[in-house]
Structure formats: structure tokens, C-alpha cells
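A short worksheet on the structure shown next.
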Amino acid sequence: MGYRNSYDYSGDNQISGEKAEDLFEKIAISKGLKIKKATFKQQLSHIDFLITNKENKTYFMDVKARKKKSRTSTSFSDDLVWIEFKNVQGHDGWLYGSSNFIAFEREKDFVIVPTKNLILICEKIVTSKIVDKSSDALYCKYSRKDRKDELSLIKMQDILNGTKVQIWLKE
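Here the working numbering is used: the first residue of the sequence shown is -4, the next is one more, and so on.
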């Protein structure tokens, strides 16, 4: 078992994250890429893997497991993506981490986005308005009670329309 955030009371987020990372790793290997798990220190900078391509260039990858729109939702949402601007301590969230790419898991694939392009998209479409309910988080910054985080929901279509992405099909 890897790193578990102290706010992940049930451990469900850690488990789903590890499953997504394991699957992502298998797909990368099947594509002939060299892949290495990040060190604990690198994980704290929002890096899950170091991936070396066939040209021997290495990239940092952050893998995001499928998420629900809210904790009470019964199913995952592939149409909406949670973006973390600030973490629970109020520091830069994973959007501003050290990864070169973010891989978002969906039911049948992973959508791989250059981090710098995702930042531009999010900073353009997410307003500075702060809301206190996850149901109001679309294009607004949602902050949870007694936490310093700032999260927002955006549509996956905003990413797909806003930048060039890679799609890795699950096998």
C-alpha cells in the first residue's frame, strides 16, 4: 500500500488510485515504454511514474483514478473531472505539481493531457467564485468546511476540445 491522505478516512481513494496506477503501468509497458514508479518524495510532488519513451526522453506522469461527482453519487462520472487548485493544507494542488502529464482514467481509456495545457484551460474557464457545495462546483472553486482546499469540476469535453491529448485504450 502506498501513500494515503489523512482525509481519506475509508481508504477508498487510495485503493482506486492504486488500481488505476497498476492498469496504467500495464498499458505503458504494452506500448513498449519504460516505466518506473515514483519515489515517495516524488509522489508528494504529484508524480506517480517516470516514463521513458523510445527516444529515451523521460516524463513525469500523474495518474488520476475515476471519480464520482460527489461522495454520495452511486456511479463514476467520465464527463466531469475534479481539478485540485489547492490541497487541504492550502498549498498548490496537483494541477500545479511537478508532472509533465496528467492521465485521467475513464471507463474504457486514459486521457493523457500535458499539464501546462491543462493549467491554461482551467485558469481560463474556472471562475474565482468560491462555493461550499460540491453540486455547485462546475467552473467554480469549491472549498470544504474546515479545509483550505480549492477544487473545481470541469467537463472532460473542455479538455478534449482545448488541447491535443493522447487516448490510451484499456485492454
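All residues carry an ideal CB built from backbone N, CA and C; glycine is no exception.
{"query": "Thr110 lies in the alpha helix (DSSP H); which residues open and close that run?", "result": "Thr110 to Ile120"}
{"query": "To the nearest angstrom, how far is the alpha carbon of Ala15 from that of Lys62?", "result": "11 Å"}
{"query": "Which one of Ile116, Ala33 and Val126 has the shortest CA to CA distance from Ser138?", "result": "Val126"}
{"query": "The alpha helix (DSSP H) that contains Phe55, what's its start and end?", "result": "Where Phe55 is concerned, there is no enclosing alpha helix (DSSP H), although the beta strand (DSSP E) it sits in stretches over Thr53 to Lys59."}
{"query": "Apart from the five residues on each side of it in sequence, which residues of its chain come closer than 8 Å, Cβ to Cβ, to Cys117?", "result": "Ile78, Phe80, Leu90, Ser147 and Ile149"}
{"query": "Considering just the uninterrupted stretch of the alpha helix (DSSP H) at Lys36, what are its terminal residues?", "result": "Phe35 to Leu39"}
{"query": "Tell me the rounded alpha-carbon separation between Phe99 and Thr47.", "result": "19 Å"}
{"query": "Would you kindly work out how many angstroms separate the C-alpha atoms of Lys103 and Gln152, rounded to a whole number?", "result": "16 Å"}
{"query": "Can you name the start and end residues of the beta strand (DSSP E) that Ser161 belongs to?", "result": "Residue identity check: residue 161 is Gln in the sequence provided, not Ser. Gln161 to Leu164 is the extent of the beta strand (DSSP E) around Gln161."}
{"query": "So, are the CB atoms of Ile22 and Lys165 less than 8 Å apart?", "result": "yes"}
{"query": "Am I right that Phe44 and Glu20 are in contact with their C-beta atoms under 8 Å? What's the rounded C-beta distance?", "result": "7 Å"}
{"query": "Is Ile42 helix, strand or coil by DSSP?", "result": "coil"}
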